[in-house]
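Novice: This structure is in structure tokens; I'll ask about it shortly.
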Amino acid sequence: MDDETSVSLFEGDEGGLEFAQRHALVTLLKQRFISARTHPRDWQVLVEHERVLRSRLNDLFLDLAIDPTREVAWKRQAVSETASRFPTLLHDTAWTREETLVLVHLRDRLRAGLAGGDARVFVDRDDVLEYVAGYRPPHATDEAGDEKRARNAVTSIVKAGLLIPTGSEDRFEVSEAVEPLLPLEAAAGACWRRCRRPTGPSPRSRPRTPTCSRRTASEHRRGRAGRRVRAVREAGRRHPRRRHRAVARLAAPGSSTGAGSAVSPRSRWAATRR
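Right, here's the structure in full:
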């Protein structure tokens, strides 16, 4: 290859991409997404050399997804047509409950702002934290831990590039990449199962409903007496000579079947053993 057309950047370089193309490819591999807002140079290279970069990603079993309306591009795992699994370079990590809540709130704010004619949408940290706190169950007592997880979720979304820092520490711009990167079905299912607002008392705080299986103290006493009589009958079948003495003791005044019983369970048991 002639020096004028060579794209070699180091000794022994056999690559066929120019520096700008390689830079855009590395950015695609390292970042969750690139956009015209956050990576203007890489986005321009991607638009001009989409086929080349897509081919390089395909060599790694990756696919390139592009949203031209929002000017966002991201990589995703390629799916085999034969249902077989490809080797993967991606580490699939699910959003946490708090991160999902933050993303849903950002998407709603982004939609409302764009529908209202705003070119850029901003949110405050306190607004996001208040939204997440609104989904705290009534029986949750670890408010400090819940707030810490919510703040960590905001920090994670900032690191992912979906919240763009501004001059203020507690104010961010919402990236338009929130919409294509947050699957509608996954967000809806996650929020319905795990993130829906509590609308009533928790199961532990609800009063128990009386049931027909509850019995009064007198019913319990009658039940115990009945069990003792059945025990005496069973003992009588095994030892007929002791049956009359045991029945006589149970029927005597002050026995367990009469009112004001003063005979202990141990003595009644001993009576059946004589």
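Per the working numbering, the sequence shown starts with residue 286, numbered consecutively. Glycine included, every Cβ here is placed at the ideal spot set by N, Cα and C.
Helix or strand or just coil, what does DSSP make of P450?
Specialist: strand
Novice: Report yes or no: do three or more beta-carbon pairs, one from the stretch 430-443 and one from the stretch 379-388, lie closer than 8 Å?
Specialist: yes
Novice: Pick from D431, D411 and E384: whose alpha carbon is nearest that of K603?
Specialist: For the chain, the structure presents residues 286 to 559; residue 603 sits outside this window and is missing.
Novice: What residue range does the beta strand (DSSP E) around V406 cover?
Specialist: For V406, no beta strand (DSSP E) segment is defined, and its DSSP state is neither H nor E.
Novice: Determine the contact status of H334 and Q306, defining contact as a CB-CB distance below 7 Å.
Specialist: yes
Novice: Tell me which same chain residues have a C-beta within less than 8 Å of the C-beta of A425, skipping the five on either side of it?
Specialist: D431
Novice: Between R317 and D327, what straight-line distance do the alpha-carbon atoms span, to the nearest angstrom?
Specialist: 14 Å
Novice: Hey, is the stretch 443-463 in contact with the stretch 396-407, meaning 3+ C-beta pairs nearer than 8 Å?
Specialist: yes
Novice: When you compare only the Cα positions, how much space is there between E464 and S320?
Specialist: 13 Å
Novice: Does G301 pass the burial test, meaning 16 or more other C-beta atoms within 10 Å, or should it be called exposed?
Specialist: exposed
Novice: Determine the DSSP secondary structure at E356, reduced to helix, strand or coil.
Specialist: coil
Novice: So, is L466 buried or exposed, given that buried needs 16 or more other C-beta atoms within 10 angstroms?
Specialist: buried
Novice: For A350, which three-state DSSP category applies?
Specialist: The answer is strand: DSSP assigns A350 an E or B state.
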